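To keep things clear, I will list the structure first and then write my remarks on it.
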Ligand SMILES: Nc1ncnc2c1ncn2[C@@H]1O[C@H](COP(=O)(O)OP(=O)(O)O)[C@@H](O)[C@H]1O
Ligand code: SF4
Ligand SMILES: [Mg+2]
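Residue numbers (our numbering): 303 to 628.
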């Protein structure tokens, strides 16, 4: 499969004031040297605990964060060096949906106006074309035409997320970042929205970066899964492979906490402590403060990617000797 997006050595740090009386700046290292590819037509799931850097990555690849270091190539072009008009053209092709369908829709606008806005911003003025595009996306998103006259507050969370999805897709983009799109919804509604995204992906030839803190959700939608811990991708592989044969102790712990797959694994793995602060992350393997399999080397040397197959990688010292032979 062809690459749509190539992320190379991407780092993001947010400056934060360290104290009330101090002028010195500290940094939150939200992304630390991330390398990742997204292939045309795939759904890549990005999973990890809250605060590990998922949204920062999602926003960076749409250049909604201005300070990343590194390269983000979209169809071979670095989006971090695009000028205004190139960026506008890119924004037509790449869109985002957010976790909270309550705050992401302007309460003063009708649904018709909400869906019309991106078309107008991108220079589509012909009334008939606007109407046709809106009707098409409304129908594809499983909504009725009569929603167009109404306002966001008249809808439930699930319906609002459908509207937010319709708004993101009305320009017929190629690439969608879905940042925790079902996390704020009831479990019964989550499945409907996931089904809708899968359906839209097929019909509109989308490529999706699907972000969630919940591996159970990511499992159902992703072709491949990237597991993130404190700003690093610690394991990457095809979805089935990650679940059948997880290699990184952090991935094992996440999987053991997914209720539907617990039976396939021996026990729930309880991780000690919270996610350490990204202001002052542990050195070497950042997971060493919580890892049930920690060794001496883990506190001293940062693990490199061990390759288990052409598509399966993990950063862990457990495989320093065996990678390539397992
Ligand atoms: N605008 C910001 N300014 C300062 N710190 C931020 C900002 N956005 C996110 N962070 C911090 O960066 C880290 C990663 O955040 P985020 O990317 O939102 O993680 P996730 O989406 O995985 O929960 C967190 O420690 C968060 O507090
Ligand atoms: S490198 Fe060491 S601490 Fe890090 S995940 Fe592997 S075994 Fe655990
Ligand atoms: Mg987030």
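Backbone N, C-alpha and C define an ideal beta-carbon position, used for all residues, glycine too. What you are looking at is a predicted structure, and each value in this text was computed from that prediction instead of being measured.
Pick from the options that is closest to residue i, judged by C-alpha positions
i	options	result
residue 556	586, 592 and 487	592
residue 525	499, 604 and 539	539
residue 594	518, 620, 389 and 399	620
residue 600	475, 589, 398 and 535	589
residue 349	554, 583 and 585	554
residue 491	517, 458 and 472	458
residue 313	597, 328, 373 and 482	373
residue 521	552, 560, 436 and 504	560
residue 443	472, 577, 432 and 587	472
residue 497	527, 474, 463 and 528	463
residue 337	407, 586 and 536	536
residue 584	572, 431, 603 and 495	603
residue 482	506, 468 and 517	517
residue 423	387, 402, 439 and 440	387
residue 439	505, 570, 552 and 315	505
residue 507	427, 474 and 437	474
residue 611	548, 572 and 570	548
Sequence-distant residues of its chain with Cβ nearer than 8 Å to residue i (five each side left out)
i	result
residue 304	341 and 342
residue 627	The predicted position of residue 627 is uncertain, since its pLDDT is 42 and thus under 50; no value can be drawn from it.
residue 351	515, 531 and 577
residue 353	577 and 580
residue 318	327, 328, 329, 330 and 581
residue 461	445 and 449
residue 339	305, 307, 308 and 309
residue 332	314, 315, 316, 355, 358, 533 and 580
Residue i versus residue j - alpha carbon distance
i	j	result
residue 415	residue 485	26 Å
residue 420	residue 371	29 Å
residue 393	residue 310	20 Å
residue 546	residue 412	46 Å
residue 425	residue 487	34 Å
residue 614	residue 385	36 Å
residue 417	residue 389	21 Å
residue 376	residue 476	11 Å
residue 575	residue 447	50 Å
residue 362	residue 368	8 Å
residue 395	residue 596	44 Å
residue 397	residue 543	29 Å
residue 451	residue 308	41 Å
residue 359	residue 306	16 Å
residue 435	residue 391	19 Å
residue 480	residue 586	31 Å
residue 598	residue 468	51 Å
residue 315	residue 527	24 Å
residue 572	residue 489	24 Å
residue 437	residue 403	21 Å
residue 433	residue 427	10 Å
residue 519	residue 570	18 Å
residue 609	residue 429	54 Å
Residues near residue i by beta carbon distance below 7 Å, same chain, minus five either side
i	result
residue 295	In the structure as shown, the chain begins at 303 and stops at 628. Residue 295 is therefore absent and cannot be evaluated.
residue 470	397, 398, 399 and 478
residue 356	348, 350, 513 and 530
residue 500	523
residue 503	345 and 510
6 Å Cβ shell around residue i - same chain, five flanking residues per side excluded
i	result
residue 534	334
residue 618	550 and 605
residue 345	510, 512, 523, 524 and 525
residue 406	400 and 466
residue 365	381
residue 441	none
residue 494	none
residue 607	615 and 617
residue 378	none
Residue i CB to nearest heavy atom of ligand 5 below 8 Å
i	result
residue 401	Summarising the ligand content, the structure contains ligand 1, ligand 2 and ligand 3 and does not contain ligand 5.
Practice task
For the region 340-377, list the alpha helix (DSSP H) runs that are entirely contained and at least 4 residues long, ordered along the chain.
Solution key: 356-362
Problem - Contact set, ligand 1 heavy atom to C-beta under 5 Å - result: 316, 330, 332, 352, 353, 354, 355, 356, 357, 358 and 580
Exercise for the section: Run through the region 543-600 for me and flag every whole alpha helix (DSSP H) of 4 or more residues, listed as ranges in chain order. Expected result: 551-558
Exercise for the section: Any chance you could list the beta strand (DSSP E) runs of at least 3 consecutive residues sitting entirely within the region 379-439, in chain order? Expected result: 396-399
Exercise for the section: Please list the segments of the alpha helix (DSSP H) lying wholly inside the region 482-544, counting only runs of 4 or more residues, in order along the chain. Expected result: 489-506 and 517-523
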